[in-house]
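Here the sequence shown is numbered in the working numbering, starting from 1 and rising by one per residue.
From the three backbone atoms N, C-alpha and C, an ideal C-beta is built for every residue, glycine too.
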Amino acid sequence: MKKSRIAGVGHYVPDNIITNDDLTKIMDTSDEWIVERTGIKQRRWFTPGKDTVANMSAKASKMAVERAGIDMKEIDFIIFATSTPDYFAPGNGVLVQRELGLQGIGALDIRNACSGFLYGLSVADQFIKTGMYKNILLIGAEIQSSALDKSTAGRSNAVIFADGAGAAVIQVTDLENSGILSTHLHADGDYAEELYLKDPGSSREVRLSPEIINEPSFRMQMNGNVVFKHAIVRFQEVINEALATNGKTKDDLDLLVPHQANLRISQYIQQKFQLPDEKVFNNIMHYGNTTAATIPIALSEAWEQGKIQEGDLICLAAFGSGFSWASALLNW
Ligand code: UT7
């Protein structure tokens, strides 16, 4: 059986910075509330006509491929995790493929929202283990801001969700001290409507009408308290599962990179596992919650900041819409 590793990571965020103070001008909120409840100080929102999910992803992908030290033409498969595709169909995989000049190779889209990148990592790992592919481009990217209700009625979501793209090259390896050790995937559809964006849904008689555009179902809806309570339980379970599967303990970890849902969730998990600050990477303060993009953006920044070294034991964990949740344990 072959083994896979993350060989390179990259990211791109739109240059349009939205601070908490900017939000106070369009809705009834405050910097204090947002920082205290979420840890977020600013986020990036896309510029219509300039940024697309595909072109942000292409920029992140070029960075990841360069850092992996390979030529773009060596990519033999694309996995694209997003809950906010540029088109209803086809998926974003083919759009980024076209931008990167990779026509002909397979492109798969994954719609597991916040845990999409880890679902994609697991799929990539299986393809590489079986020998089917050698260099898979895995992307997590979102434009959430165009589906947010930016009035006071939508403030609890509007202050959290944001836009950005991250990418990783998942590569076959025979390095002894580097590779994905295990991935763990879970979901519970009983909670599908606790965090969802219903419209434009296909099961309506008319998918899109002027009336639907003004309904709450046309915006992301989240029962924040319920999501929060499940998140803190599932994060712990799935991190423990990854450690136990590999006979490791939390003391063996060099770095935990949690999905950046809310800084309070990350801090709660950090405290439960009694990890020191330098072993948990957070950047939600600067970027908000970019759903499928948070983990690859965080990995890319952690790597840039020298917080990840070859061989380090790293745990990735995510929870979100579905509910779906996942983890991965790997040596960098
Ligand atoms: O990535 C996918 C997974 N997502 C998550 O994991 C998110 C999980 N949930 C959360 O992060 C939190 O539930 C939120 C940050 C969304 C909300 O925080 P909360 O502490 O659960 O606040 P709340 O919704 O219970 O609201 C508390 C109060 C309410 O006022 P009243 O009813 O107590 O008077 C809200 O109306 O805060 C009010 N509020 C706000 N005030 C100022 C809600 N949003 C805002 C706001 N600014 N942006």
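Do Ser156 and ligand 1 come close, with the Cβ less than 7 Å from some heavy atom? yes
Inspect the beta-carbon positions of His11 and Gly164 and report whether they are closer than 8 Å. yes
For Lys129 versus Met1, is the C-beta spacing smaller than 8 Å? yes
Measure the alpha-carbon distance for Thr291 versus Leu175 and round it to whole angstroms. 31 Å
Any heavy atom of ligand 1 inside 7 Å of the beta-carbon of Tyr114? Contrary to the premise, residue 114 reads as Cys rather than Tyr in this sequence. Within the cutoff, so yes.
Can at least three beta-carbon pairs, one atom from the stretch 36-50 and one from the stretch 84-93, be found at a separation below 8 Å? no
Just to check my reading of the structure: Ser57 and Ile139 have Cβ atoms closer than 8 Å, yes? What is that Cβ distance to the nearest angstrom? 5 Å
Counted within 10 angstroms of its Cβ, other Cβ atoms place Asn225 as buried (16 or more) or exposed: exposed
Taking the C-alpha atoms as reference points, what is the distance between Asp149 and Ile212? 14 Å
Count the other CB atoms, across all protein chains shown, that sit within 10 Å of the CB of Gln126; report buried if there are 16 or more and exposed otherwise. exposed
Cβ of Asn20 within 7 Å of any heavy atom in ligand 1? no
Are Ile70 and Ile136 close, meaning C-beta to C-beta below 8 Å? no
I'd like the ranges of any beta strand (DSSP E) spanning at least 3 consecutive residues and lying wholly in the stretch 279-327. 313-320
On a Cα-Cα basis, can you pick out the residue from His184, Leu208, Leu263, Gly101 that is closest to Asp76? Gly101
Return yes when the Cβ of Thr52 is within less than 8 Å of the Cβ of Leu14, no when it is not. According to the sequence shown, residue 14 is Pro rather than Leu. Cβ atoms of Pro14 and Thr52: not closer than 8 Å.
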